[in-house]
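Residue numbers (this note's numbering), protein chains in the order written: chain X, 3 to 368; chain A, 34 to 340.
First up is the structure itself, then whatever we jot down about it.
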């Protein structure tokens, strides 16, 4: 197992630059998730690490060794593809054994390693079947098995769960987390699903437009998003962003007037804004309660999920606002409601989308 | 509470035909067609094969035609020659097709152009293509003969189609020329159907070019290889125009395959009965051959298939 360092990786396809100077230091045995919307460059970055694409510039260092120009097989990585890339004409056994056959491993050794991988992944009774006879989750496990037998330094996963249905995806998330613990391996995992990122990652890399927006633990990203993009990408339902005007600043924070007229004093670093500046106030749907004084929302759609009621409405005329309220909250579609929000739960973003650092954020849990 | 009838008839019965009548109406035209252009000629051929039939009339002779063929050494040689012709030609088509498809599938610049350039032998009308080959093979003004003389391989003009051996292999070459494009394009289509991920996965695992070809490409396109070789075998077995235009089965029968022999007997010599007997034997031989082949295909699908 090993560390993985990326030094100023850039990638252009012709005139289009898809990755801009990406530098990351991934620790040994860490589970790192690259997350971002389609086209953010996360898969390209993974393929560059794998050696399937060549970086236009920059270095890839695995376990202290520069592998930027090495053949994939010499990098000590193994990759699980989105499509699983199982060989349909080969049995599960031969699929798992494929990398070892390439290496011309001795029969007894090969068999032992295939059996061991099959044992870990509960595929022992499926070894004679063809991939076409397996369920989606089992195929996924075969693809992982093919990775395990190589004893790679770094496991690479390219959206491995995106072909599975929602229920199975949940199960596989748990299985992958357990696998990470039992293999004690460095893993890099690409997904567009922030839930997968939040639940599995030790640390998350949020990519946007070929740049790293933020690299941190899930809770760090949740409580201290550096940019508006990260804030709205992490968390479900998405964070509400309400236009606001700065009324005044002092050492304790800034006073803002939100769209809709409500005024608040928010405890954030005020150094970079001045009175009269336009900002956006970010409020997570789960950080509001029904109250007598606060944000005036007109409710358009109400989804009662039992435990919670997800409420969609507008504030100040046309700014959309989503609130996650108790399951039996006394509200109705088409009627107004007032929501209270604690000032220390609010995030403030300046006009360029950068956050004003919160002074009173909760301590991070490990 | 009102009672709602749930068994109400929605469609008026008077306007629908009984299902069986409708089904017969649908398949009727096709069946009639097949009866006229396939079944009747086949039945007529079988009937004629038991006749001594010529321009003068027909006379029932029982199995005499077949007996004659069974005892004819020349006919035995024709059968052997036909199978040799078929195996040689099909083998060459498959090998060249596989090589061609692999090259056309490679990510080389301008491969679209090359893909188009493969097509002409298949597109050009057979007769025109074969007249081209006649010119190439001509001893006095053919390019091949000229080149051989210039290079000092032969001392004088060499007429390719004038000698038994050279005529046979020249015909094989022309047949391969005609048949290879189709095989190539089918193989290419099959290769393009193989997921890129499989190659990438194998590459990441360290599999070299040849290893990927052998363990991924070939097994993945094996069902197409097998069905293509069956099709190609039948086409080649029955290939008539190529031989007829080039050599008319000569010299001295060197390029006479079963189909040419059948034509010569029935049409050139007006021996319809004996010709029909030959045609029936062709059907039987190809039938047996296809049966064997389909079993091979079944085996291949089991071995290389996804289930």
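Backbone N, C-alpha and C fix where the C-beta goes; we use that ideal spot for every residue, glycine too.
Everything numeric in this text was worked out from a predicted model, so none of it was measured.
| Query | Result |
| --- | --- |
| From the DSSP secondary-structure annotation, give me the bridge partner or partners of residue 8 of chain X. | X:26, X:62 |
| Under 9 Å between C-beta atoms, does residue 200 of chain A make it to chain X? | no |
| In or out: residue 98 of chain A buried (at least 16 other Cβ within 10 Å) or exposed? | buried |
| Are the C-beta atoms of residue 91 of chain X and some chain A residue less than 9 Å apart? | yes |
| Which residue from A:169, A:90, A:85 puts its Cα closest to that of residue 101 of chain A? | A:85 |
| By DSSP's criteria, residue 314 of chain X is part of a beta bridge. Which residues make up the other side? | X:303, X:324 |
| Would you decide whether residue 109 of chain A is buried or exposed? Buried here means 16 or more other CB atoms lie within 10 Å of its CB. | exposed |
| Between which two residues does the beta strand (DSSP E) containing residue 285 of chain X stretch? | 280-285 |
| So that I know if they touch, is there some Cβ in chain A lying closer than 9 Å to that of residue 132 of chain X? | yes |
| How would you write the range of the alpha helix (DSSP H) that residue 112 of chain X sits in, first residue to last? | 109-122 |
| Can residue 343 of chain X and residue 349 of chain X be called in contact, C-beta distance under 9 Å? | no |
| Among A:179, A:127, A:183, which residue has its Cα nearest to the Cα of residue 192 of chain A? | A:179 |
| Any contact of the segment 68-76 of chain X with the segment 224-239 of chain A, i.e. 3+ C-beta pairs under 8 Å? | yes |
| Helix, strand or coil for residue 143 of chain X per DSSP? | helix |
| Check whether the Cβ atoms of residue 139 of chain X and residue 170 of chain X lie closer than 9 Å to each other. | yes |
| Just to confirm the assignment: which complete alpha helix (DSSP H) runs, minimum length 4, are found wholly within the segment 212-257 of chain A? | 229-237, 242-245 |
| Can you tell me the Cβ-Cβ gap for residue 24 of chain X and residue 214 of chain X, rounded? I've got them flagged as a contact below 8 Å. | 6 Å |
| Quick check on the DSSP output: the beta strand (DSSP E) that includes residue 184 of chain X runs from which residue to which? | That residue, residue 184 of chain X, is in no beta strand (DSSP E); its alpha helix (DSSP H) goes 168-185. |
| Check the Cβ-Cβ distances between residue 148 of chain X and every residue of chain A, and say whether any is below 9 Å. | yes |
| If you follow the beta strand (DSSP E) that residue 93 of chain A is part of, which residue opens it and which one closes it? | 90-93 |
| Report the residues of the segment 121-136 of chain A with a CB closer than 9 Å to any CB of chain X, ordered along the chain. | none |
| Restricting to Cα atoms, I'd like to know which of X:15, X:48, X:38 is closest to residue 200 of chain X. | X:38 |
| Given a limit of 7 Å on CB to CB distance, which residues of the segment 15-36 of chain X reach chain A? | none |
| Just checking: is the beta-carbon of residue 53 of chain X within a distance shorter than 9 Å of some beta-carbon in chain A? | yes |
| Hey, quick one: how far does the beta strand (DSSP E) through residue 221 of chain X stretch, first residue to last? | It is not in any beta strand (DSSP E) - residue 221 of chain X instead sits in the alpha helix (DSSP H) that spans 220-225. |
| Go ahead and pull the three-state DSSP assignment for residue 205 of chain X. | strand |
| Going by the DSSP bridge assignment, what does residue 154 of chain X pair with across the sheet? | DSSP, once it has assigned bridges, lists no residue as partnering residue 154 of chain X. |
| Quick one: what does DSSP say residue 292 of chain X is sitting in, helix, strand or coil? | strand |
| Could you say which of X:95, X:77, X:11 lies nearest to residue 58 of chain X if we only look at CA atoms? | X:11 |
| Anyone know if the C-beta pair for residue 111 of chain A and residue 290 of chain A falls short of 9 Å? | yes |
| Looking only at its chain, what residues have a beta carbon closer than 8 Å to the beta carbon of residue 195 of chain A, apart from the 5 residues adjacent to it on each side? | 172, 284 |
| Between A:119, A:204, A:76, which has its C-alpha nearest residue 322 of chain A's C-alpha? | A:119 |
| I'd like the list of long-range same chain contacts for residue 288 of chain A, defined as Cβ closer than 6 Å, with 5 residues on each side in sequence excluded. | 200, 201, 204, 276, 280, 282 |
| Give me the residue from X:231, X:101, X:290 with the minimum Cα distance to residue 147 of chain X. | X:101 |
| Cβ of residue 123 of chain X within 9 Å of Cβ of residue 60 of chain X? | no |
| Decide if residue 277 of chain X is buried, meaning its Cβ has at least 16 other Cβ atoms within 10 Å, or exposed. | exposed |
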